[in-house]
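Residues 5 to 325 in this note's numbering are what the sequence shown lists, from first letter to last.
Ideal Cβ positions, reconstructed from N, Cα and C, are used throughout, including at glycine.
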Amino acid sequence: MSVAHYTANSLSEFVAQICEIKAPLRKDGFRFNEIPLFRGHSDNSYQLIPAIARPIESFSSDTLIHEERNLIEMAKFKLPDVFREDMQPLELLALLQHYGVPTRLLDVTENALVALYFACCSKYNDNGSDGEVIIFKNNELEVANYPIINALADSYRFAIAGQTFQDFYRNIMCQPYFAEQLHSKSPSIGSLENAATWLHRVFSEPHFVYAPIRSQRQRAQQGRYLVFSNFFIPSPFNDSTGAPESNWIFREEIEPINKGNDSIILARITIPKDSKLQILFDLESFGISKEVLFCDDIGTVCSSITNSYQRKARYMFNPLP
């Protein structure tokens, strides 16, 4: 089954399409609590990949993934009162992301109109391209982040290139946040071979996560995150003993999510470039604007105020016929 494609030329078309797309989601109070999550791209050619793994330049394949730990440790060193040592790994990454440090998190939102806003906001390098809103499906049975999610966020310390799943497991099982998992009755925890098989399954799936809301911007954007693991491959030195996954090794890279992955992506909605400006104007009537979504940025709010009066002045001196 392929991912459905739509095109929305107006806000009303977009809302109607969202209602149609989310209608089949299942909720039975037990096994299914499927909810939609959204991400908006100003250019529909953009990949679903976190900032730490994106090319530094458009003409290069070089990324910052090999500098991930240095970025995080330097932020903690220079701003210890902000990026505190007692933070859980996921909480730390979310705060770094908020302040513009590239991480292995990808922003998504619970609000379709917020995603539409970002799909319509052209950036300096998107060349006036069509935008896109991607609608994800998440079966949200529990709100709490399992310890393994914090281990994923902690990958910058433990998912070192060339390290095996067993090495990773030995390291994370010593971390304070992993104590709950060790004392659970999960069949996943036991021998190193079983743990490696379990990690292979965990790392093969994308994970939607919550992080503490620490700013008005996060609250306004109704933000959530996708956390990515390092790419992994069978070890060339696998001795074929134990579980097949026992000797899989990490690579110093992160793979994008395939936009055709219908196990988590419900649909994609294209926003034509010629429709973006009118949709942005219409979104303001529903409380979705740069001023609202970046309400904790004084410069952004003041710029938005200035722009609104510049538009008013243009209409005053150049009235529409």
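By alpha-carbon distance to GLU295, the top candidate from LEU284, ILE309, ASP286, LEU287 is ILE309.
Boundaries of the beta strand (DSSP E) harbouring VAL231: 227 to 231, taken from the DSSP string. Contact between PHE232 and ALA163 does not hold, since the beta-carbon distance rounds to 11 angstroms and is not under 8 angstroms.
Here the segment 20 to 28 makes no contact with the segment 69 to 87; the two share fewer than three CB pairs at distances below 8 angstroms. The Cβ-Cβ distance between THR201 and THR11 does not fall below 8 angstroms.
Looking at GLY33, PHE122, ARG218, GLU257, the one whose alpha-carbon comes closest to that of ASP66 is GLU257. Secondary structure at ASP111: strand, using DSSP grouped into helix, strand and coil. Straight across, the Cα-Cα distance linking ARG73 with GLU89 is about 14 angstroms. A Cβ-Cβ separation of about 4 angstroms places LYS280 in contact with CYS124 under the 8 angstroms criterion. Uninterrupted beta strand (DSSP E) stretches at least 3 residues long and entirely within the segment 22 to 67 occur at 38 to 45, given in chain order. Put simply, of ARG223, ASN234, GLN220, ALA215 the residue whose alpha carbon is nearest the alpha carbon of GLU209 is ASN234.
In this structure, the straight-line span from the alpha carbon of SER64 to that of THR107 is close to 19 angstroms.
Excluding five sequence positions before and after ASP134, the CB atoms of its chain that fall closer than 7 angstroms to its own CB belong to ASN48, THR274, ILE275, PRO276, LYS277, given in chain order. Its chain contains SER233, PHE236 as the residues whose beta carbon lies nearer than 7 angstroms to that of PHE207, once the 5 sequence neighbours on both sides are disregarded; these appear in chain order. DSSP places ASN175 in the uninterrupted alpha helix (DSSP H) bounded by 169 to 176. Using a C-beta cut-off of 8 angstroms, the segment 161 to 176 makes no contact with the segment 39 to 48, since fewer than three inter-stretch Cβ pairs fall below that distance. Our two residues, GLU259 and ARG218, have alpha carbons roughly 29 angstroms apart in a direct line. Excluding the 5 residues flanking it on each side, CYS299 has same chain C-beta neighbours closer than 6 angstroms at GLN220, ALA224, in chain order. Per DSSP, reduced to three states, the secondary structure at ALA215 is coil, with no helix or strand assignment. Of ASP266, GLU288, GLY227, the smallest CA-CA separation from ALA98 is found for GLY227. CA-CA distance, VAL112 to HIS102, rounds to 13 angstroms.
Sequence-distant partners of PRO216 (beyond 5 residues in either direction) whose C-beta falls short of 8 angstroms from its own C-beta, in its chain, are GLU95, ALA98. Counting along the chain, the unbroken alpha helix (DSSP H) around ALA157 starts and ends at 151 to 157.
GLU38 sits close to LYS141, with the two beta carbons spaced by under 8 angstroms.
Residues of the same chain with a CB within less than 7 angstroms of the CB of SER239, apart from the 5 flanking positions on each side, are THR168, ASN251, TRP252, ILE253 in chain order. A residue is called buried once 16 or more other Cβ atoms fall within 10 Å of its Cβ, and ALA183, having fewer, is exposed. In this structure, ALA199 places its C-beta atom within 8 angstroms of the C-beta atom of TYR173. The Cβ atoms of ILE56 and LEU68 sit closer than 8 angstroms to each other. ASP158 counts as buried, since no fewer than 16 other beta carbons sit within 10 angstroms of its beta carbon. By the neighbour-count definition (other C-beta atoms within 10 Å, threshold 16), LEU145 is an exposed residue. In this structure, the CA atom of LEU287 is about 26 angstroms from the CA atom of TYR214. Taking the Cα positions, ASP266 is about 33 angstroms away from SER289. Residues of the same chain with a CB within less than 6 angstroms of the CB of ALA155, apart from the 5 flanking positions on each side, are ILE176 in chain order.
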